[in-house]
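A.B. asks: Read top to bottom, the protein sequences are chains A and B.
Using the numbering used here, you'd call the opening residue of the first sequence number 147 and step up by one each time.
Using the numbering used here, you'd call the opening residue of the second sequence number 147 and step up by one each time.
There are 2 protein chains.
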Amino acid sequence: MSSMDIERAQLTLFTELAEIARTLGSPHRLMLLQHVAQGARSVERLAELTGLSMANASQHLQHLKRSNLVATERDGKRVLYSIASGPINEVLGALTRLAEHQRAEIQSVISDSLTQRDRLEGISREELLERLRESSVTLLDVRPREEFEMGHLPGAINIPAEVLEEHLSMLPQDHEVVAYCRGPHCVLSTSAVDTLRQNGIKARLLDTGFPEWKAAGLTIETGA
Amino acid sequence: MSSMDIERAQLTLFTELAEIARTLGSPHRLMLLQHVAQGARSVERLAELTGLSMANASQHLQHLKRSNLVATERDGKRVLYSIASGPINEVLGALTRLAEHQRAEIQSVISDSLTQRDRLEGISREELLERLRESSVTLLDVRPREEFEMGHLPGAINIPAEVLEEHLSMLPQDHEVVAYCRGPHCVLSTSAVDTLRQNGIKARLLDTGFPEWKAAGLTIETGA
DNA sequence: TAATTATTCAATGGATTGATTGATTAAAGA
DNA sequence: TCTTTAATCAATCAATCCATTGAATAATTA
Chain A
147 MSSMDIERAQ LTLFTELAEI ARTLGSPHRL MLLQHVAQGA RSVERLAELT GLSMANASQH
207 LQHLKRSNLV ATERDGKRVL YSIASGPINE VLGALTRLAE HQRAEIQSVI SDSLTQRDRL
267 EGISREELLE RLRESSVTLL DVRPREEFEM GHLPGAINIP AEVLEEHLSM LPQDHEVVAY
327 CRGPHCVLST SAVDTLRQNG IKARLLDTGF PEWKAAGLTI ETGA
Chain B
147 MSSMDIERAQ LTLFTELAEI ARTLGSPHRL MLLQHVAQGA RSVERLAELT GLSMANASQH
207 LQHLKRSNLV ATERDGKRVL YSIASGPINE VLGALTRLAE HQRAEIQSVI SDSLTQRDRL
267 EGISREELLE RLRESSVTLL DVRPREEFEM GHLPGAINIP AEVLEEHLSM LPQDHEVVAY
327 CRGPHCVLST SAVDTLRQNG IKARLLDTGF PEWKAAGLTI ETGA
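Here's what the structure looks like:
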């Protein structure tokens with residue numbers, strides 16, 4: 147193996163990595179990816195969910211496909227896009243943690259925010275299970291009702307993020323609240339945690355979301 | 147918190163993520179980042195290491211800086227670039243694993259490669275320590291001699307990747323070999339593992355590199 | 001102070017990207 | 001078969017990106 151070959155190998159690896167990173171380097175594609183990660187969706191639905199035009203959504207989805215981040219399957223006259231196999235969520239999770247770290251670093255200079263520090267430190271699945279067993283926490287699912295009813299973590303109560311502020315009275319003031327939504331890169335529950343804290347409720351964020359919980363083979367409740 | 151606010155928060159988060167991903171979306175910037183991750187380097191050195199022109203390297207480095215992936219510090223008439231704090235390696239590691247996963251998936255269709263599967267499964271620090279204690283493995287450092295001499299894992303022998311093929315006789319034929327270099331995103335040791343296997347030596351890849359080992363506070367040897 | 005070295009800035013041009021529009025293909029139903 | 005619906009393709013245009021060039025700035029040395 148000559149050092150020439152090594153350089154070439156380095157270059158091709160970096161080129162591959164760069165290609166993936168580039169594909170992730172568009173807010174619209176990230177939004178599409180996030181929705182696709184919830185389950186197979188048609189182009190039309192994805193366009194609607196993201197507010198993009200059909201043609202534009204289609205092109206972005208094809209871009210994601212070229213990078214092997216999503217897969218397609220035909221269903222009658224529709225084409226369903228679903229997330230590809232592989233550690234895609236890990237990449238998005240790592241990216242999110244990096245972004246949050248950077249944001250925290252900036253904010254810790256600007257503001258003296260006390261909540262900032264531990265907002266990043268989510269609660270782990272293991273700790274959650276332990277705390278649930280001794281019922282010292284309330285588990286809060288902030289996804290839309292329909293998603294909640296399709297399946298949720300056992301014992302969770304559902305208050306969609308968009309109505310959280312008006313339904314704070316449903317939450318116990320003494321217990322700590324652990325919020326979760328779709329995945330580690332879901333922004334809904336971090337804003338939920340902010341809202342809760344601003345209202346004097348002790349709140350933390352589950353470091354995994356519903357899809358991961360399901361993937362880990364843990365028990366799930368359905369219905370309302 | 148209205149659902150309008152959520153959408154805006156989503157958008158800004160995704161925009162931030164996309165910006166980081168975009169910055170990583172260039173092979174040249176990834177190369178620069180990899181070198182910078184080894185320690186503080188001047189623009190000139192980095193230009194030389196990557197084969198870029200000074201002005202070009204400088205601009206890419208500034209791009210990396212704008213995304214808070216590197217930091218600068220003046221040293222006399224030179225400007226030293228170093229890696230920023232935060233889980234940057236985690237992102238690169240996750241990206242690399244994703245790329246390798248994709249590559250493996252393609253290759254497992256094309257070729258019937260037996261080695262492909264477990265090449266990805268590196269050996270963990272814990273397992274390595276155990277195996278070293280019972281001296282059932284040989285630890286191989288494939289970085290350039292100078293880096294090796296600055297510090298390496300205890301008990302490792304050094305054969306730089308570019309001369310590995312000519313020095314195979316230095317390696318025991320009966321022991322398993324564990325190769326490592328700089329970090330999980332270092333391509334050197336994966337090519338090293340390939341070379342070794344092609345020559346009938348049982349080889350695996352350490353799932354962390356020297357920087358991580360050092361960061362974990364484990365013992366280090368210096369000198370030749 | 002002048003000359004040197006290291007880096008950045010500013011301007012240029014070619015290549016690529018992202019969104020829009022309208023045309024085209026594919027499958028299903030009337 | 002003709003129409004409808006879902007998705008993709010092709011063409012366009014503005015915006016951005018990347019590398020190059022040469023000039024400008026900053027710190028050091030003669």
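For each residue, glycine too, the CB sits at the ideal point set by N, CA and C.
1. For M147(B) and L159(B), I'd like the C-alpha separation in whole angstroms.
2. Does N304(A) come out as helix, strand or coil in the three-state DSSP assignment?
3. Indicate whether at least one CB of chain A lies closer than 7 Å to the CB of V323(B).
4. Should the region 312-329 of chain B be called in touch with the region 276-283 of chain B, which here means at least 3 C-beta pairs below 8 Å?
5. Would you say P300(A) and P290(A) are within 7 Å of each other, going by their C-beta atoms?
6. Taking only the alpha-carbon atoms, compute the straight-line gap between A217(B) and R343(A) and give it to the nearest angstrom.
7. Show which residues of chain B have a CB atom less than 8 Å away from the CB atom of T161(A).
8. Exposed or buried, E272(A), counting other C-beta atoms within 10 Å across all chains shown (16 or more means buried)?
9. If the cut is a Cβ gap below 7 Å, which residues of chain B does N214(A) touch?
10. Can you name, in chain order, every residue of its own chain whose Cβ lies under 6 Å from the Cβ of E219(B), other than the five neighbours on each side?
11. Note down, in chain order, every chain B residue with its Cβ under 8 Å from the Cβ of T242(A).
12. To the nearest angstrom, how far is the alpha carbon of G232(A) from that of T161(A)?
13. Go through its chain and collect everything with a Cβ distance to M177(B)'s Cβ below 6 Å, but skip five positions before and after it.
14. Please report the distance separating the alpha-carbon of E165(A) from that of S172(B).
15. Report yes or no: is there a C-beta of chain B within less than 7 Å of the C-beta of R168(A)?
16. Kindly list, in the order they appear in chain A, the residues whose Cβ is closer than 7 Å to that of G232(B).
17. So, does the region 197-204 of chain A touch the region 177-189 of chain A, judging by three or more C-beta pairs under 8 Å?
18. Against E236(A), what residues of chain B qualify as contacts under a CB-to-CB distance less than 8 Å, listed in chain order?
19. Just checking: is the beta-carbon of L176(B) within a distance shorter than 7 Å of some beta-carbon in chain A?
20. Keeping to the same chain, check which residues put their C-beta closer than 7 Å to that of S213(B); ignore five residues upstream and five downstream.
21. Hey, out of E293(B), H298(B), L286(B), whose CA is closest to H313(B)'s CA?
22. Since L244(A) and I229(B) should fall inside the 8 Å C-beta cutoff, what is the C-beta to C-beta distance between them, to a whole number of angstroms?
23. Please confirm whether L241(A) and L163(B) have their CB atoms less than 7 Å apart.
24. Quick check on the burial criterion: 16 or more other C-beta atoms within 10 angstroms. Buried or exposed for T284(A)?
25. Threshold first: 4 residues or longer. Then list the alpha helix (DSSP H) segments lying entirely within the region 178-230 of chain A, N to C.
26. Taking all protein chains shown into account, do 16 or more other C-beta atoms lie within 10 angstroms of the C-beta of A193(B), making it buried, or fewer, making it exposed?
27. Checking 7 Å against the spacing of the C-beta atoms, do E236(B) and H298(B) come in under that value?
C.D. replies: In this structure, then:
1. Indexing the second sequence from 1 puts residue 147(B) at position 1. Indexing the second sequence from 1 puts residue 159(B) at position 13. Any reading at M147(B) must be qualified, since the residue scores a pLDDT of 43, below 50, and its modelled position is unreliable; the value itself is stated next. Rounded to the nearest angstrom, the two C-alpha atoms are 16 Å apart.
2. Locating residue 304(A) in the first sequence gives position 158, counting from the first residue. Three-state DSSP puts N304(A) in a strand.
3. Numbered from 1 along the second sequence, position 177 holds the residue referred to as residue 323(B). So no, V323(B) is outside the interface.
4. By the Cβ rule, the region 312-329 of chain B counts as touching the region 276-283 of chain B, because three or more pairs are nearer than 8 Å.
5. The sequence position of residue 300(A) within the first sequence is 154, counting from 1. The sequence position of residue 290(A) within the first sequence is 144, counting from 1. No, Cβ-Cβ distance for P300(A) and P290(A) is not below 7 Å.
6. Position 71 of the second sequence, counting from 1, holds the residue named residue 217(B). Position 197 of the first sequence, counting from 1, holds the residue named residue 343(A). Cα-Cα distance, rounded: 33 Å.
7. Stepping through the first sequence from its first residue, residue 161(A) is reached at position 15. Near T161(A) (Cβ distances below 8 Å), the residues of chain B are P173.
8. What you label residue 272(A) is simply residue 126 of the first sequence in a count that begins at 1. With fewer than 16 Cβ atoms within 10 Å of its Cβ, E272(A) is classed as exposed.
9. The count along the first sequence starts at 1 and reaches residue 214(A) at position 68. Within chain B, the residues near N214(A) are Q248.
10. Sequence index remark: in the second sequence, residue 219(B) carries index 73 (1-based). The answer, listed in chain order, is L226.
11. Numbered from 1 along the first sequence, position 96 holds the residue referred to as residue 242(A). Under the 8 Å cutoff, chain B gives L159, L163.
12. Counted from its first residue, the first sequence places residue 232(A) at position 86. Counted from its first residue, the first sequence places residue 161(A) at position 15. For G232(A) and T161(A), the distance between alpha carbons rounds to 19 Å.
13. Along the second sequence, one-based indexing puts residue 177(B) at 31. Around M177(B): T196.
14. Locating residue 165(A) in the first sequence gives position 19, counting from the first residue. Locating residue 172(B) in the second sequence gives position 26, counting from the first residue. Between the alpha carbons of E165(A) and S172(B) lies a gap of roughly 8 Å.
15. Position 22 of the first sequence, counting from 1, holds the residue named residue 168(A). With 7 Å as the cut-off, R168(A) counts as an interface residue toward chain B.
16. As a working note, residue 232(B) is residue 86 in the second sequence. Ordered by position in chain A, the residues that pass the 7 Å Cβ test against G232(B) are L244, H247, Q248.
17. yes
18. As a first step, residue 236(A) must be located in the first sequence, where it is residue number 90. A240, R243, L244, listed in chain order.
19. Here residue 176(B) corresponds to residue number 30 of the second sequence, with the count starting at 1. Output row for L176(B): interface = yes.
20. As a first step, residue 213(B) must be located in the second sequence, where it is residue number 67. Hits under 7 Å: E165, I166, T169.
21. In the second sequence, counting from the first residue as 1, residue 313(B) sits at position 167. The shortest Cα separation from H313(B) among E293(B), H298(B), L286(B) belongs to L286(B).
22. The residue labelled residue 244(A) in the question sits at position 98 within the first sequence. The residue labelled residue 229(B) in the question sits at position 83 within the second sequence. Actually they are not in contact, since the Cβ atoms of L244(A) and I229(B) sit about 12 Å apart, beyond 8 Å.
23. Counted from its first residue, the first sequence places residue 241(A) at position 95. Counted from its first residue, the second sequence places residue 163(B) at position 17. Contact check for L241(A) against L163(B) passes: the beta carbons are separated by less than 7 Å.
24. In the first sequence, counting from the first residue as 1, residue 284(A) sits at position 138. Within 10 angstroms of the beta-carbon of T284(A) lie 16 or more other beta-carbons, which makes it buried.
25. 189-196, 200-212
26. What you label residue 193(B) is simply residue 47 of the second sequence in a count that begins at 1. Label assigned to A193(B): buried.
27. The residue given as residue 236(B) occupies position 90 in the second sequence. The residue given as residue 298(B) occupies position 152 in the second sequence. Result no, Cβ atoms of E236(B) and H298(B) do not sit closer than 7 Å.
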